[in-house]
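S.K.: Read left to right, the sequence shown gives residues 3 to 315 (our numbering). Below is one structure. I have some questions about it.
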Amino acid sequence: MEALLRRIPPNHPSKFHIEEELRFRKAGYRGELSLDYHLSQLPQNEHFIFHDLRLPLWNNTFFQIDALLLSRHYFTNYEAKNHTGTLTFEEQQMLQTYKGRTESYPNPITQAENQQYHLENLIRKKLDIILPGTSFVVVTNPSSIIKFDPQYEKIASKKVIRAAAIRQNSELFWTKQQKQLISYADLQKISQLLLKLHTPSKPDILQEFRVDKSDIHPGVYCDKCKLLSFKRAFGTWKCNKCGFADKMTHVQALIDHLLLNGNTITNSQFRYFLQFDSVTVATHLLGSLNLPFEGTFKDRKYHLSLEALKKWI
Numbered sequence: 003m004e005a006l007l008r009r010i011p012p013n014h015p016s017k018f019h020i021e022e023e024l025r026f027r028k029a030g031y032r033g034e035l036s037l038d039y040h041l042s043q044l045p046q047n048e049h050f051i052f053h054d055l056r057l058p059l060w061n062n063t064f065f066q067i068d069a070l071l072l073s074r075h076y077f078t079n080y081e082a083k084n085h086t087g088t089l090t091f092e093e094q095q096m097l098q099t100y101k102g103r104t105e106s107y108p109n110p111i112t113q114a115e116n117q118q119y120h121l122e123n124l125i126r127k128k129l130d131i132i133l134p135g136t137s138f139v140v141v142t143n144p145s146s147i148i149k150f151d152p153q154y155e156k157i158a159s160k161k162v163i164r165a166a167a168i169r170q171n172s173e174l175f176w177t178k179q180q181k182q183l184i185s186y187a188d189l190q191k192i193s194q195l196l197l198k199l200h201t202p203s204k205p206d207i208l209q210e211f212r213v214d215k216s217d218i219h220p221g222v223y224c225d226k227c228k229l230l231s232f233k234r235a236f237g238t239w240k241c242n243k244c245g246f247a248d249k250m251t252h253v254q255a256l257i258d259h260l261l262l263n264g265n266t267i268t269n270s271q272f273r274y275f276l277q278f279d280s281v282t283v284a285t286h287l288l289g290s291l292n293l294p295f296e297g298t299f300k301d302r303k304y305h306l307s308l309e310a311l312k313k314w315i
């Protein structure tokens, strides 16, 4: 979404939607980082911890777990929520009130319990291993206010916790689960299964936000001016607006191409996307990144990956 916003016209009809969705997902990501930090404080000699698992249900349908703690006694899945304002948990929904506006969301307690149910079934069906689980909704925004519907409070107050209380609430559950139910070999089997079945999401970002490929502006982005204003000159990239120079900014342009256009690029596509003409310079720049490729010189395709490109930034 960040790459998309850099490269669509400022008056594009999807711009506001993309900005709102990006704000929402960034908040969720910050919440998951907070969750990860507090989970890292737990004693790890007895547990495996998994982050952002996306596991299959059926027919290209998946369920996702923000964080999973796995042991020989039980498993615990944690669902992070980083909403601001006042959060009121009701049986059928969660209400968020912020700046005088109230919005309704699906009940995250039910969401976390569904994840728990699906994971128990997955382990049982794939490995014939029965391992009980529990789940918590972790409110990661420290400034939010938590409230419960009085008729739902008895249930919800035990399932909704603050990030800083992860250790305390988890240990209360652990003390009730002292019996080892599976062997260490079975624990490893479950871990290997989860890693094998994990399927990262690869959305078609253009289709999701109804952006045509012709709407994507080529060029090299200047982070200072917030413009596609870098041009190639004398062995470096220089911003036409502010004069800032950077030898490696083409790597970020390649990352944008990867995120928006796919994981391969040719010499001609590289020159078009970065808006310069020299075949020789393009060959040198692509070759200097040590990217894997296929084909001969004329029809060569370079394979792009975030891991390979981020090393150069």
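Note that the Cβ used here is the ideal one computed from N, Cα and C, for glycine as well.
For the structure I just gave you, are there three or more beta carbon pairs, one from the stretch 262-275 and one from the stretch 296-312, closer than 8 Å?
M.R.: yes
S.K.: Out of E48, H85, Y39 and H305, state which residue places its alpha-carbon closest to the alpha-carbon of W176.
M.R.: Your numbering for residue 176 matches position 174 in the sequence shown. Among E48, H85, Y39 and H305, the Cα nearest to that of W176 belongs to E48.
S.K.: Pick from K243, E34 and C241: whose alpha carbon is nearest that of T142?
M.R.: Sequence index remark: in the sequence shown, residue 142 carries index 140 (1-based). Per the Cα distances, E34.
S.K.: Does the stretch 138-157 come close enough to the stretch 26-44 that 3 or more CB-CB pairs lie under 8 Å?
M.R.: yes
S.K.: I'd like the span of the beta strand (DSSP E) that includes R234, first residue to last.
M.R.: The residue you call residue 234 lines up with position 232 of the sequence shown. R234 -> beta strand (DSSP E) spans L229 to A235.
S.K.: Identify the residues that DSSP records as bridge partners of D248: which are they?
M.R.: To locate residue 248, count along the sequence shown from 1; it is residue 246. DSSP, once it has assigned bridges, lists W239 as partnering D248.
S.K.: If you check the beta carbons only, do E115 and P134 fall under 9 Å apart?
M.R.: Along the sequence shown, read from residue 1 onward, the residue named residue 115 stands at position 113. Along the sequence shown, read from residue 1 onward, the residue named residue 134 stands at position 132. Cβ atoms of E115 and P134: not closer than 9 Å.
S.K.: Strictly by DSSP, which residues pair up with Q95?
M.R.: If you number the sequence shown from 1, residue 95 lands on position 93. Per DSSP, P108.
S.K.: At the level of alpha carbons, what is the spacing between T285 and K101?
M.R.: Here residue 285 corresponds to residue number 283 of the sequence shown, with the count starting at 1. Here residue 101 corresponds to residue number 99 of the sequence shown, with the count starting at 1. If I take the Cα positions, the gap works out to 54 Å.
S.K.: Considering just the uninterrupted stretch of the beta strand (DSSP E) at W60, what are its terminal residues?
M.R.: As a first step, residue 60 is located in the sequence shown; it is residue number 58 there, counting from the start. That run of the beta strand (DSSP E) goes F50 to W60.
S.K.: If you measure between the beta carbons of Q180 and H75, is that distance less than 9 Å?
M.R.: Taking the sequence shown and counting its residues from 1, one reaches residue 180 at position 178. Taking the sequence shown and counting its residues from 1, one reaches residue 75 at position 73. In contact: Q180 and H75 (Cβ atoms closer than 9 Å).
S.K.: Using a Cβ-based criterion (distance less than 8 Å to any ligand heavy atom), does A247 qualify as near the ligand ZN?
M.R.: The ligand ZN is not among the ligands present in this structure, which contains no ligands whatsoever.
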